[in-house]
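For the record, the sequence lines run as chains R and X. Sequential numbering from 1161 applies to the first sequence in my numbering. Sequential numbering from 1161 applies to the second sequence in my numbering. The beta carbon of each residue, even a glycine, is placed where N, CA and C say it ideally should be. Have a look at the structure below before the remarks.
There are 2 protein chains.
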Amino acid sequence: MSLRHALLGLLSEGPASGYDLMKVFDASLANVWPATQSQLYGELGRLVEAGLIEAVAEGPRGRREYELTEPGMAELRRWMLEVEPKPLRRSDMMLRVFFLGVVDPAEAGAYLRRQGAAAAENHERLSRVPPYLGSPHLLSAHGRLALEWGLRFSALQHEWAEWAAREIEATVSGDRAPDAEPDAKDPSQAR
Amino acid sequence: MSLRHALLGLLSEGPASGYDLMKVFDASLANVWPATQSQLYGELGRLVEAGLIEAVAEGPRGRREYELTEPGMAELRRWMLEVEPKPLRRSDMMLRVFFLGVVDPAEAGAYLRRQGAAAAENHERLSRVPPYLGSPHLLSAHGRLALEWGLRFSALQHEWAEWAAREIEATVSGDRAPDAEPDAKDPSQAR
DNA sequence: AAACTCATGTAAAGTGTTACATGATTAT
DNA sequence: ATAATCATGTAACACTTTACATGAGTTT
């Protein structure tokens, strides 16, 4: 039910239409919680039924603006503070890592380096996002924190993939079994 | 369709029953691709229909052991090398970060520190996993790489959460706007 | 005998993705 | 006029989660 709360969160900054929300979604939240147009309009309907938002204006072409209601704001706060986020971690990419043994080591290494390069590109892309997207809205203020997370995460992915590729190459060259201990530069043991 | 390939991958190490697979799942893959029992048995049926696996033995109480077929192995390889993994990134926890402005700063800080503590615990838990779980199977050999990823990731989450909490506390104390530049220890700009 | 583990399955509800469909208004 | 953008919706399918159901063998 997180899409629901994502919408409540966006509406907490002010009234907006489904169309508006979709744009904001793509520009910011999509990085941590992708959603499609179908899903969004459907959920808006359900939120109205539940009394958590209200249509407050009609615009040009069937446009409807919604606003957060009191119960909607209460629900948003409750979700923020009382519902513990579940660490959903589903990664297509990491799943493949478990099965790297079914392809030959050269291909496995290539796979890892390809993922590393993709992470580096992602890091590049994020580093071009300006720190303040506009006026000091809630979204941009705290979005900064999320952006920093994205930067750290993509850097991690890049470094890990390069490390893993080296591990595999070391194994195949046969001159040593890869260390159970990660290498010296490895930050994972910090703290 | 990744559950399908997760099962093919597990069966590439040798025959197993649904029950066996479930246990291995929980012990390893669940960290990157959780699945339930219902899902697993359902998918096994579909894999048999598709000819990617075969039942090769019947055991005590309705137990059926499955084995990977040739086409199954081919499909697994194809998926590994030709299907680009999509970076699915859905985080309940990061979604909340965008809306930290709707609760008061003290609560926001507490939230972040709580998440940081959870990450630290997770790091602890992972660091107790022995590097080689058993004989040098494919899973344990490459699972090592996945484990290292988990260690780095949990360390990152911990550090980020602490950093973010400090940022929020700095904002509320009002003596400075939080830097657009992350602090000196921040590793996200490395490389 | 009771409790536990092994072992498989079904059903319903919720959530997410893809594709299609439609029409109004604005800009070129 | 044509194209682009605004704006909403439906339908079908795929996937995930939760709960329930059942029975065979094993251990205490």
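Q) Using 8 Å as the limit for Cβ to Cβ distance, is R:Pro-1175 near chain X? A) no
(Q) Please classify R:Arg-1285 as buried or exposed, where buried requires at least 16 neighbouring CB atoms within 10 angstroms. (A) R:Arg-1285 sits exposed, since fewer than 16 C-beta atoms from the chains shown fall within 10 Å of its C-beta.
Q.
Pull the bridge partners of R:Ser-1188 from the DSSP assignment, please.
A. R:Ser-1188 is not bridged to any residue.
**Q.** Own chain, CB closer than 7 Å to R:Gly-1202, minus 5 neighbours either side, in chain order
**A.** none
Q. So what's X:Ser-1173 in DSSP terms, helix, strand or just coil?
A. Rather than Ser, the amino acid found at residue 1173 of chain X in this sequence is Glu. Residue state, collapsed to three classes: coil.
Q: Say whether chain R places a C-beta atom closer than 8 Å to the C-beta of X:Leu-1265.
A: Correcting the residue identity first, residue 1265 of chain X is Pro in this sequence and not Leu. With 8 Å as the cut-off, X:Pro-1265 does not count as an interface residue toward chain R.
**Q.** Cβ pair count under 8 Å reaching 3, the segment 1245-1262 of chain X against the segment 1184-1204 of chain R
**A.** The segment 1245-1262 of chain X is in contact with the segment 1184-1204 of chain R.
(Q) Can you tell me where the beta strand (DSSP E) holding R:Leu-1207 begins and where it ends? (A) Run containing R:Leu-1207: none in the beta strand (DSSP E); it sits in the alpha helix (DSSP H), 1197-1209.
Q) Under the three-state reduction of DSSP, which class applies to R:Val-1243: helix, strand or coil? A) Residue state for R:Val-1243 is assigned as coil, using DSSP reduced to three classes.
Q | CA-to-CA distance, R:Asp-1180 to R:Ala-1187, given in whole angstroms | A | 11 Å
Q: Closer than 9 Å, Cβ to Cβ, to anything on chain X: give me those residues from the segment 1201-1232 of chain R, in chain order.
A: none
(Q) Does the structure place the segment 1266-1275 of chain R close enough to the segment 1196-1214 of chain R that three or more beta carbon pairs sit under 8 Å? (A) No, the segment 1196-1214 of chain R does not touch the segment 1266-1275 of chain R.
Q.
For the structure I just gave you, are there three or more beta carbon pairs, one from the segment 1260-1269 of chain R and one from the segment 1210-1220 of chain R, closer than 8 Å?
A. The segment 1260-1269 of chain R is not in contact with the segment 1210-1220 of chain R.
**Q.** Residues sharing a beta bridge with X:Val-1270, DSSP
**A.** For clarity, residue 1270 of chain X is Ala in the given sequence; the question names Val instead. For X:Ala-1270, which the question treats as bridged, DSSP gives no partner whatsoever.
(Q) Rounding to the nearest angstrom, what Cα-Cα distance links R:Ser-1295 and R:Ala-1301 in this structure? (A) Because R:Ser-1295 sits at a pLDDT of 48, beneath the cut-off of 50, its placement in the model cannot be relied upon, and the following sentence gives the value as read from the coordinates. Cα to Cα, the separation comes out at about 9 Å.
(Q) Count Cβ pairs between the segment 1164-1181 of chain X and the segment 1318-1330 of chain R that sit closer than 8 Å; are there 3 or more? (A) no
(Q) Considering just the uninterrupted stretch of the beta strand (DSSP E) at X:Val-1216, what are its terminal residues? (A) 1213-1218
(Q) Strictly by DSSP, which residues pair up with X:Glu-1227? (A) X:Glu-1214
Q | Within 8 Å, strictly: CB atoms of R:Pro-1175 and R:Glu-1227 | A | yes
Q) chain R partners of X:Val-1192, CB-CB under 9 Å? A) Arg-1249, Arg-1250, Ser-1251, Asp-1252, Met-1253, Met-1254, Leu-1255, Val-1257, Phe-1258
Q. Beta-carbon of R:Ala-1277 versus every beta-carbon of chain X: anything under 8 Å?
A. no
**Q.** Proximal residues of chain X, C-beta to C-beta of R:Ala-1166 below 7 Å
**A.** Leu-1255
Q: Report the rounded CA-to-CA distance for R:Gly-1219 versus R:Ser-1177, giving the unit in angstroms.
A: R:Gly-1219 and R:Ser-1177 have their alpha carbons spaced roughly 9 Å apart.
Q) Going along chain X, which residues have a C-beta under 9 Å from R:Ser-1188? A) Phe-1258
Q. Does X:Leu-1316 have its Cβ less than 8 Å from a Cβ in chain R?
A. X:Leu-1316 belongs to the set of residues whose beta carbon lies under 8 Å from a beta carbon in chain R.
Q: Would you mind sorting X:Arg-1223 into buried or exposed? The rule is 16 or more other CB atoms within 10 Å of its CB.
A: exposed
Q: Tell me where the alpha helix (DSSP H) around X:Leu-1255 begins and ends.
A: 1252-1258
Q: For X:Leu-1163, I'd like the list of residues in its chain whose CB is within less than 8 Å of its CB, leaving aside the five on either flank, ordered along the chain.
A: Trp-1193, Ala-1195, Gln-1199, Leu-1200, Glu-1203
**Q.** Inter-residue CB distance, X:Val-1216 and R:Met-1240 (contact presumed, cutoff 8 Å)
**A.** Contact flag wrong, Cβ pair sits at about 52 Å.
**Q.** Per-residue contacts from X:Leu-1181 into chain R (C-beta, under 7 Å)
**A.** What X:Leu-1181 touches in chain R: nothing, since even the nearest Cβ is about 13 Å away.
**Q.** Candidates R:Gln-1197, R:Leu-1260, R:Thr-1229, R:Glu-1173: closest to R:Val-1107 by CA position
**A.** Any answer about residue 1107 of chain R is impossible in this case: the structure gives chain R only from 1161 up to 1351.
Q.
Helix, strand or coil, according to DSSP, for R:Gly-1222 in the structure here?
A. Coil.
Q: Indicate whether at least one CB of chain R lies closer than 8 Å to the CB of X:Val-1332.
A: no
Q. Closer than 8 Å, CB to CB, is X:Ser-1295 near chain R or not?
A. Residue placement at X:Ser-1295 cannot be trusted, given a pLDDT of 48 that sits under 50; what the coordinates show is reported in the next sentence. Cβ-Cβ to chain R under 8 Å: no for X:Ser-1295.
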